[in-house]
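Asker: Residue numbers (this note's numbering): 2 to 63. Backbone N, C-alpha and C define an ideal beta-carbon position, used for all residues, glycine too. Here the structure is a predicted model, which means the values were calculated and not measured.
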Amino acid sequence: MLHSMSTTVEPASERSAAEVNEEIRALWLRSGGTLTGEQREEYQRLVLEWAAAAQRRPVNAA
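Below, the structure written as structure tokens:
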């Protein structure tokens with residue numbers, strides 16, 4: 002029997018948008034502003050995770 006793999010991004014834990022944003026910033030700092038192919042993949046995964054977190058808990062406008 003064949004099992005299909007999910008193609009949706011599901012973070013291991015539901016981190017806040019702020020936590021994911023900090024990881025995105027750290028990735029850019031480590032890269033020196035230029036992402037490798039592997040780093041681009043990580044960035045895309047983080048952006049999707051950030052968007053999902055932002056939808057769960059929208060930020061209040063000041």
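For a test of the three-state rule: what should DSSP assign to A36, helix, strand or coil?
Answerer: The sequence as given places Leu at residue 36; Ala does not occur at that position. Reduced to three states, the DSSP call for L36 is coil.
Asker: With a threshold of 16 other CB atoms inside 10 Å of the CB of E50, please say whether the residue is buried or exposed.
Answerer: buried
Asker: Rounded to whole angstroms, what is the Cα-Cα separation between R31 and Q40?
Answerer: 10 angstroms
Asker: From the DSSP output, in three-state form, read off E15 for me.
Answerer: coil
Asker: Measuring only the C-alpha atoms, how far is A55 from S17?
Answerer: 7 angstroms
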